[in-house]
Amino acid sequence: MEMESPLPAPNELRKRRQRGSFGPSYTETGVLLTWEDLWVTVPSSGIGSSTDNNGRALLQGLNGYAQTSEILAIMGPSGSGKSTLLDALAGRLASNTRQLGSIKVNGRKQALAFRTSAYVTQDDTLTTTLTVKETVYYSAVLQLPESMTKAMNTRIGGWSSKGLSGGQKRRVSVCKEILTRPKLLFLDEPTSGLDSAASYHVMARILKLTQQCGMTVIASIHLPSSEVFALFHNLCLLSSGKTVYFGRASTAHEFFAFNGFPCPTLQNPSDHYPRTIYKDFDQPSLIEDEDIEQGFVANKPANADEVINILVESYKSSQFFQQEGSVLKSGSQASFLTQSFVLTRRSFVNMNRDIGYYWLRLGIYVSLCLCIGMIFYDIVHSFGSIQARGAMLMFVASLLTIMSVGGFPSFVEDMMIFGRERFNGHYGVAAFVVGNTLSSMPYLLIISIIPGAIAYYLVGLHKGLEHFLFFVLVIFVSVMLVESLMMVVESMVPNYLLGIIIGAGIQGTMTLNAGFFRLPSDLPNLFWKYPMYYIAFHRYANEGLYKYEFEGLSFPRDQCSGSSTITVEEIIEKIWQMPMGYSKWIDLAVLFRMVVLYRLMFFGIIKMSEKLKPILRSFFSANNGKP
1 MEMESPLPAP
11 NELRKRRQRG
21 SFGPSYTETG
31 VLLTWEDLWV
41 TVPSSGIGSS
51 TDNNGRALLQ
61 GLNGYAQTSE
71 ILAIMGPSGS
81 GKSTLLDALA
91 GRLASNTRQL
101 GSIKVNGRKQ
111 ALAFRTSAYV
121 TQDDTLTTTL
131 TVKETVYYSA
141 VLQLPESMTK
151 AMNTRIGGWS
161 SKGLSGGQKR
171 RVSVCKEILT
181 RPKLLFLDEP
191 TSGLDSAASY
201 HVMARILKLT
211 QQCGMTVIAS
221 IHLPSSEVFA
231 LFHNLCLLSS
241 GKTVYFGRAS
251 TAHEFFAFNG
261 FPCPTLQNPS
271 DHYPRTIYKD
281 FDQPSLIEDE
291 DIEQGFVANK
301 PANADEVINI
311 LVESYKSSQF
321 FQQEGSVLKS
331 GSQASFLTQS
341 FVLTRRSFVN
351 MNRDIGYYWL
361 RLGIYVSLCL
371 CIGMIFYDIV
381 HSFGSIQARG
391 AMLMFVASLL
401 TIMSVGGFPS
411 FVEDMMIFGR
421 ERFNGHYGVA
431 AFVVGNTLSS
441 MPYLLIISII
451 PGAIAYYLVG
461 LHKGLEHFLF
471 FVLVIFVSVM
481 LVESLMMVVE
491 SMVPNYLLGI
501 IIGAGIQGTM
511 TLNAGFFRLP
521 SDLPNLFWKY
531 PMYYIAFHRY
541 ANEGLYKYEF
551 EGLSFPRDQC
561 SGSSTITVEE
571 IIEKIWQMPM
581 GYSKWIDLAV
591 LFRMVVLYRL
601 MFFGIIKMSE
611 KLKPILRSFF
621 SANNGKP
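Residue numbering for the sequence shown follows full-length UniProt numbering, starting at 1 and increasing by one per position.
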């Protein structure tokens with residue numbers, strides 16, 4: 001006995017979606033998204049479909065709609081504006097673009113409310129160390145679909161380990177957003193990397209959820225199979241930023257046939273439509289004789305621009321219905337504590353499995369501290385050891401902190417995932433900052449204790465457990481401070497290479513002004529002493545370490561008259577020119593305050609960028625007319 005397929009056949013799906021109306025229907029619980037006379041331009045580069053003094057037009061006066069419980073497919077040749085239209089509707093355009101026209105949600109001009117929409121990008125940005133089950137769980141905290149149980153314990157995979165194939169990653173990316181049941185779902189090439197069977201499976205499931213949950217789905221797709229094409233309700237066909245066709249997908253062949261470009265028998269319509277308007281290969285020399293014999297280019301003008309103009313003018317003569325509805329309200333989400341807990345747990349697992357995040361750095365730190373320990377091994381108790389102890393403490397504090405830039409690429413990956421998930425409303429900025437901070441603390445403590453213990457006891461610094469614990473605490477806070485600084489840098493630079501360069505440069509500059517290489521009295525007042533000496537965190541780390549190391553110790557006085565020993569106050573104030581008016585705990589407190597300050601700066605920069613992007617886009621649009 002044959003098992004019944006869990007998915008309906010293509011013909012059955014086609015019957016289910018054929019409702020006979022070209023105009024949109026509307027349900028109160030869903031989303032009706034409409035756009036009218038939509039233009040998107042970028043600064044002119046001399047390349048593009050349309051260029052004038054106002055820039056290059058990527059989209060030119062588009063009109064359309066997407067309605068509840070239906071899938072709108074956006075198709076067209078490469079460079080036709082599919083992804084640009086998707087980004088414009090989702091509010092994801094870059095800040096240097098100008099957008100004109102009207103985009104309405106349920107008939108009202110309003111921004112998409114938080115957690116009401118989800119966007120699946122063309123490239124899959126996933127945490128490579130997590131399994132499929134963990135990825136879906138941490139993303140949506142929902143039950144894993146049965147169709148994914150076979151691979152649910154397979155890691156996503158990245159540079160350090162093999163995992164899922166490209167097609168499987170694509171399905172995980174789609175699954176993450178579908179599980180949140182958004183009212184409006186944007187899909188950028190959802191079948192990219194999938195074979196025809198997997199493509200049909202994914203799109204059929206999306207159609208089923210669309211109808212069950214009342215979602216509105218807008219998908220840009222490139223050359224789908226005939227089975228996948230049969231799942232679409234409406235079709236938006238673009239060429240060079242212009243609408244060639246908009247209407248029911250099932251009647252597109254009638255539109256093309258009416259205008260003299262019928263789809264040949266037994267040919268996939270989704271192949272015929274883009275091929276008819278493809279401009280890159282419209283020269284007569286590229287048209288094969290067998291294509292003419294088979295009717296692929298019958299009645300087609302020699303220039304594809306003529307075809308596009310005919311279809312565009314024919315489309316402009318048609319009209320479609322728009323209907324106003326209720327305001328789209330924000331969706332619900334998990335509490336702040338739940339978000340923070342889940343993000344802390346997910347980030348902790350990722351840091352543990354990603355060898356490049358902390359474990360490689362731990363190995364480097366151990367090697368460096370072994371070198372320092374051997375160079376300063378069993379330091380003697382003499383006047384000359386004062387300089388040696390100070391140099392050793394400075395090297396440990398500086399090298400362990402400056403090597404934190406090694407984890408910058410891994411943090412950039414976290415930020416990319418955060419950007420995608422934040423846009424789709426998975427969690428807030430504060431929860432991400434808290435989760436990243438809490439999850440990193442155990443690893444930072446490990447890379448402070450183990451290398452610190454090696455260097456501390458090989459050199460033979462001040463005996464006593466309390467002295468060692470304070471030494472580790474200063475190193476721990478300093479490393480956490482640098483991690484926070486790197487977060488601030490990453491939030492302001494376009495790529496991780498520039499971030500590493502800037503981060504290392506900032507730390508190097510602060511090290512020079514910490515009072516070791518050049519005493520405070522010898523620093524130039526302008527910039528180097530005021531303000532750099534007072535904001536360099538190495539200064540406070542060195543002060544705390546020096547005060548606690550030399551506290552209770554006395555050294556023989558060399559080449560000096562007077563008493564036979566030199567006191568702590570003389571060492572700190574006269575040799576290192578460090579103030580003794582406050583204790584070492586004040587230095588530690590300053591470092592803690594810097595950690596909090598940098599984390600708050602990171603939070604503020606992200607929030608500010610979210611606020612500024614729409615303002616900048618509105619500013620550009622308001623100060624420039626329609627192209």
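Think of the CB as a built atom: it goes at the ideal place given N, C-alpha and C, for glycine as much as any other residue.
Next on the checklist: At the level of alpha carbons, what is the spacing between residue 188 and residue 443?
Outcome noted: Counting from 1 along the sequence shown, the entry for residue 188 is found at position 188. Counting from 1 along the sequence shown, the entry for residue 443 is found at position 443. Straight-line Cα distance between these residues: approximately 37 Å.
Checklist entry - Contact check, residue 417 vs residue 492 under 8 Å by CB: the rounded distance? => result Walking along the sequence shown from the start, residue 417 turns up at place 417. Walking along the sequence shown from the start, residue 492 turns up at place 492. Actually they are not in contact, since the Cβ atoms of residue 417 and residue 492 sit about 19 Å apart, beyond 8 Å.
Checklist entry - What is the DSSP secondary structure of residue 64, reduced to helix, strand or coil? => result Counting from one through the sequence shown, the residue named residue 64 turns up at place 64. Residue 64 falls in the strand class under three-state DSSP.
Checklist entry - In terms of alpha-carbon separation, which member of 533, 120, 357 and 478 lies closest to residue 395? => result Taking the sequence shown and counting its residues from 1, the one referred to as residue 395 is at position 395. Nearest of 533, 120, 357 and 478 to residue 395, Cα basis: 478.
Next on the checklist: When you compare the stretch 463-476 with the stretch 537-554, are there three or more beta-carbon pairs, one atom per stretch, that lie closer than 8 Å?
Outcome noted: yes
Next on the checklist: Just to confirm before moving on: does the CB-CB distance between residue 660 and residue 228 stay below 8 Å?
Outcome noted: This structure cannot speak to residue 660, because the chain is shown only from 1 to 627.
Checklist entry - So what does DSSP say about residue 92, is it helix, strand or coil? => result Here residue 92 refers to the residue found at position 92 when the sequence shown is read from its first residue. Three-state DSSP puts residue 92 in coil, outside helix and strand.
Next on the checklist: Can you tell me where the beta strand (DSSP E) holding residue 368 begins and where it ends?
Outcome noted: Taking the first residue of the sequence shown as position 1, residue 368 is located at position 368. Here residue 368 belongs to no beta strand (DSSP E); instead the alpha helix (DSSP H) covers 360-375.
Item to check | Under the three-state DSSP convention, the category residue 512 falls into | outcome: On the sequence shown, residue 512 is found 512 positions in, with the first residue counted as 1. Helix, per DSSP.
Checklist entry - From the DSSP output, which residues share a beta bridge with residue 236? => result The residue you call residue 236 lines up with position 236 of the sequence shown. DSSP output for residue 236 lists 74 and 246 as bridge partner(s).
Next on the checklist: So if DSSP puts residue 186 in a beta bridge, which residue, or which two residues, is it bridged to?
Outcome noted: For this step, residue 186 is matched to residue 186 along the sequence shown. Per DSSP, 119 and 218.
Checklist entry - Could you give the C-beta distance for residue 660 and residue 602, rounded to a whole number, given that I count them as a contact under 8 Å? => result Nothing can be reported for residue 660: it is not among the residues displayed for the chain, which extend from 1 to 627.
Checklist entry - Looking at the structure shown, is residue 84 part of a helix, part of a strand, or coil, going by DSSP? => result Stepping through the sequence shown from its first residue, residue 84 is reached at position 84. In this structure, residue 84 counts as helix in the three-state DSSP scheme.
Checklist entry - Near residue 63, what residues of its chain come up, given a Cβ to Cβ distance below 6 Å and the 5 sequence neighbours on each side ignored? => result Against the sequence shown, residue 63 aligns to sequence position 63. Cβ neighbours of residue 63 beyond the five flanking positions: 36.
Checklist entry - Is it true that the CB of residue 365 sits closer than 8 Å to the CB of residue 447? => result As a first step, residue 447 must be located in the sequence shown, where it is residue number 447. As a first step, residue 365 must be located in the sequence shown, where it is residue number 365. Contact flag set, yes.
Checklist entry - Exposed or buried, residue 277, counting other C-beta atoms within 10 Å across all chains shown (16 or more means buried)? => result The residue labelled residue 277 in the question sits at position 277 within the sequence shown. Classification of residue 277: buried, given that the 10 Å Cβ count is 16 or more.
Checklist entry - Would a check of beta-carbon distances place residue 541 closer than 8 Å to chain B? => result In the structure shown, chain B cannot be found, because there is only a single protein chain.
Checklist entry - So what's residue 37 in DSSP terms, helix, strand or just coil? => result To locate residue 37, count along the sequence shown from 1; it is residue 37. Here residue 37 sits in strand by DSSP.
Checklist entry - For residue 527, which of helix, strand or coil comes out of DSSP? => result For the purposes of this step, residue 527 is taken as residue 527 along the sequence shown, with counting starting at 1. The answer is strand: DSSP assigns residue 527 an E or B state.
Checklist entry - Hey, out of 272, 472 and 134, whose CA is closest to residue 348's CA? => result Numbered from 1 along the sequence shown, position 348 holds the residue referred to as residue 348. Out of 272, 472 and 134, 134 has the C-alpha closest to the C-alpha of residue 348.
Checklist entry - DSSP three-state call for residue 290: helix, strand or coil? => result In the sequence shown, the residue the question calls residue 290 occupies position 290. Confidence is the limiting factor: at residue 290 the pLDDT is only 43, short of 50, which leaves the residue's position unreliable and the question unanswerable from this model.
Checklist entry - At which residues does the beta strand (DSSP E) containing residue 103 begin and terminate? => result Along the sequence shown, read from residue 1 onward, the residue named residue 103 stands at position 103. Looking at the DSSP string, the run of the beta strand (DSSP E) that includes residue 103 is 98-105.
Checklist entry - By how many angstroms is the C-alpha of residue 588 removed from the C-alpha of residue 582? => result Numbered from 1 along the sequence shown, position 582 holds the residue referred to as residue 582. Numbered from 1 along the sequence shown, position 588 holds the residue referred to as residue 588. Each residue's Cα considered, the two are about 11 Å apart.
Next on the checklist: Taking the straight line between their C-alpha atoms, what separation do you get for residue 457 and residue 496?
Outcome noted: Walking along the sequence shown from the start, residue 457 turns up at place 457. Walking along the sequence shown from the start, residue 496 turns up at place 496. Distance between the alpha carbons of residue 457 and residue 496: 36 Å.
Item to check | Cα-Cα separation between residue 222 and residue 81, rounded to whole angstroms | outcome: In the sequence shown, the residue the question calls residue 222 occupies position 222. In the sequence shown, the residue the question calls residue 81 occupies position 81. Approximately 12 Å, taken between the alpha carbons.
Item to check | Per DSSP, the bridge partner or partners of residue 418 | outcome: Indexing the sequence shown from 1 puts residue 418 at position 418. Paired residues: none, contrary to the question.
Item to check | residue 56 to residue 219 span [Cα, whole Å] | outcome: Taking the sequence shown and counting its residues from 1, one reaches residue 56 at position 56. Taking the sequence shown and counting its residues from 1, one reaches residue 219 at position 219. Computed Cα separation, rounded: 24 Å.
Checklist entry - Who are residue 555's beta bridge partners in DSSP? => result By 1-based counting over the sequence shown, the position of residue 555 is 555. DSSP, once it has assigned bridges, lists 566 as partnering residue 555.
Checklist entry - If you run the structure through DSSP and keep just helix, strand and coil, what is residue 266? => result Position 266 of the sequence shown, counted from the start, is the residue given in the question as residue 266. Coil, per DSSP.
Checklist entry - Start and end of the alpha helix (DSSP H) containing residue 31? => result Taking the first residue of the sequence shown as 1, we reach residue 31 at position 31. Unbroken run through residue 31: none, as it is neither H nor E.
Checklist entry - Is there contact here, the stretch 352-367 with the stretch 379-394, by at least three beta-carbon pairs under 8 Å? => result no
Next on the checklist: Would you call the stretch 234-246 in contact with the stretch 263-278, where contact means no fewer than 3 C-beta pairs closer than 8 Å?
Outcome noted: yes
Checklist entry - Contact between the stretch 255-272 and the stretch 200-215: three or more CB pairs below 8 Å? => result no
Item to check | residue 547 - containing alpha helix (DSSP H), residue span | outcome: As a position in the sequence shown, residue 547 is number 547, starting the count at 1. Looking at the DSSP string, the run of the alpha helix (DSSP H) that includes residue 547 is 537-550.
Checklist entry - What are the boundary residues of the alpha helix (DSSP H) that includes residue 583? => result The residue given as residue 583 occupies position 583 in the sequence shown. Premise fails: residue 583 is in no alpha helix (DSSP H) and is neither H nor E.
Next on the checklist: Let me confirm a value: residue 593 is counted as buried when at least 16 other C-beta atoms fall within 10 Å, else exposed. Which label applies?
Outcome noted: As a working note, residue 593 is residue 593 in the sequence shown. Residue 593 comes out exposed.
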